[in-house]
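Sequence order for the protein chains is F and U. All residue numbers for the first sequence refer to the numbering used here, where the first residue is 2 and numbers rise by one. All residue numbers for the second sequence refer to the numbering used here, where the first residue is 614 and numbers rise by one. Every residue, glycine too, gets a C-beta built ideally from N, C-alpha and C. Keep in mind it's a predicted model, so treat the numbers as computed, not measured.
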Amino acid sequence: MPEKPNKFRIALISGIVIGVVSSVPGVSLINCCCCAGVWLGGVLAMYLYKQQFTEGMPPLESSDALMLGLMAGVIGAFTATCINILILVTFGPVEAELVKSIVGNMLDRLSEQGSMPSDMVETLKEQIDQSIKDAGRMSNIFGGLFITLIVYPIFTILGALLGYAIFRPKTPPQTTQA
Amino acid sequence: MEFNKRIYLILLLLVALWCAGIVLAPCLSSVLPGVSAFLYSFYSPICHQIDARSFHLFGEKIGVCSRCSAIYFGFLVSVALYPFFRKLRSPAFPKNHWIALAVLPMLIDVAANFVGIHDSSLLTRAITGLLFGLILPFYIIPPLLEGIAQLRDQQLAQGGFFYARKTQ
Numbered sequence: 002m003p004e005k006p007n008k009f010r011i012a013l014i015s016g017i018v019i020g021v022v023s024s025v026p027g028v029s030l031i032n033c034c035c036c037a038g039v040w041l042g043g044v045l046a047m048y049l050y051k052q053q054f055t056e057g058m059p060p061l062e063s064s065d066a067l068m069l070g071l072m073a074g075v076i077g078a079f080t081a082t083c084i085n086i087l088i089l090v091t092f093g094p095v096e097a098e099l100v101k102s103i104v105g106n107m108l109d110r111l112s113e114q115g116s117m118p119s120d121m122v123e124t125l126k127e128q129i130d131q132s133i134k135d136a137g138r139m140s141n142i143f144g145g146l147f148i149t150l151i152v153y154p155i156f157t158i159l160g161a162l163l164g165y166a167i168f169r170p171k172t173p174p175q176t177t178q179a
Numbered sequence: 614m615e616f617n618k619r620i621y622l623i624l625l626l627l628v629a630l631w632c633a634g635i636v637l638a639p640c641l642s643s644v645l646p647g648v649s650a651f652l653y654s655f656y657s658p659i660c661h662q663i664d665a666r667s668f669h670l671f672g673e674k675i676g677v678c679s680r681c682s683a684i685y686f687g688f689l690v691s692v693a694l695y696p697f698f699r700k701l702r703s704p705a706f707p708k709n710h711w712i713a714l715a716v717l718p719m720l721i722d723v724a725a726n727f728v729g730i731h732d733s734s735l736l737t738r739a740i741t742g743l744l745f746g747l748i749l750p751f752y753i754i755p756p757l758l759e760g761i762a763q764l765r766d767q768q769l770a771q772g773g774f775f776y777a778r779k780t781q
């Protein structure tokens, strides 16, 4: 009986996709919506893995989704950090500048409408400037890696489980041993 | 206690902790500013945390925006109520169209706001997010319980991690 497809190759592809989506300035804003880029990466991993199955292989199981999601999340976190460092070294804090311009325009609009006091707007702009200055610090980069190593696997596992629920083989689920 | 029930309780605890962190971030800002700053940093990779788009507690924005917080708290409520709707022992998957129906209002709200035909408000973001959060556990919990049980069985077969527990 042939074995199940190799999970690592699929996790590597999905992890790289997650890393690229999460670190390319502009595209990475998708993660502002509940880490959508990351959990969609988990769904993608499950979809790609299901495509690898051929006749005669053992069936796709939910434990495959768990392992695949975990691996894709860890690879995604490392890839995103590496690309972030590369972008930071080459172009500087591009994403922080992009966020600054978007949020800055929004804050100006709120201030003009009178929805937010102008001193609060200035304070928030100062905080954004400070975050741009902090972006290049090594402690921030490794702190970011630490957080993404926790957060990304959580969301990729959720995405892969959701992917399994959507793409699962259409047979009744087995009753698990209590 | 049944294995699935234990896993479910751990999941419920983790989700509750995740949601507690969201609320604690503003609550601790004056008492423990370091912890509060860490919590804001922790949630920053997954949310824009824009002040104007967030709910506030004690004058400070909570850890994530209104849409994200509605998803997470909807998820928490749904996980807590899950055993009243589905058996933990033999988890069943809902039909795929329910998740599509749950995500659709959120996508419409985001897209309509993006193209400028409708201004999404805190309320529309919260309601559409809540709907998505409430449905999600019905797709996540069954494969999670099934998957962990399968991993346990695989480990048992190999005499691994769960072996000692089983033999006690």
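- Excluding residues up to 5 positions away in sequence, PRO3 lie with their Cβ nearer than 8 Å to the Cβ of THR55 (chain F) in the same chain.
- Taking 7 Å as the Cβ-Cβ cut-off, the stretch 59-86 of chain F approaches chain U at GLU62, SER63, SER64, ALA66 and LEU67, given in chain order.
- Scanning U:CYS681, U:GLN771 and U:HIS661 for the CA closest to the CA of LEU736 (chain U) turns up U:CYS681.
- Within the stretch 649-666 of chain U, SER654, PHE655, PRO658, ILE659, CYS660, HIS661, ILE663, ASP664 and ALA665 place their CB atoms closer than 7 Å to a CB of chain F, listed in sequence order.
- Its Cα nearest to that of GLN128 (chain F), the residue F:GLU98 stands out among F:THR82, F:GLY57, F:GLU98 and F:VAL25.
- In terms of beta-carbon proximity, TYR165 (chain F) lines the interface with chain U, with at least one pair separated by less than 9 Å.
- In the three-state scheme derived from DSSP, where H, G and I count as helix and E and B as strand, CYS36 (chain F) is classed as coil.
- Residue burial annotation: PRO118 (chain F) is exposed, with fewer than 16 other C-beta atoms found within 10 angstroms of its C-beta.
- Closer than 9 Å to the CB of GLY760 (chain U) there is at least one CB belonging to chain F.
- Interface residue (Cβ-Cβ distance to chain F less than 9 Å): ASN726 (chain U) is not classified as such.
- The beta carbon of SER112 (chain F) sits closer than 6 Å to those of SER119 and VAL122, all from its chain and outside the five residues before and after it, given in chain order.
- If you draw a straight line from the Cα of ASP722 (chain U) to the Cα of ALA715 (chain U), it comes to about 12 Å.
- Residue environment: GLU759 (chain U) is assigned as buried (16 or more neighbouring CB atoms within 10 Å of its CB, all protein chains considered).
- Secondary structure within the stretch 617-703 of chain U: the alpha helix (DSSP H) runs of 4 or more consecutive residues, fully enclosed, are 646-656 and 679-698 (chain order).
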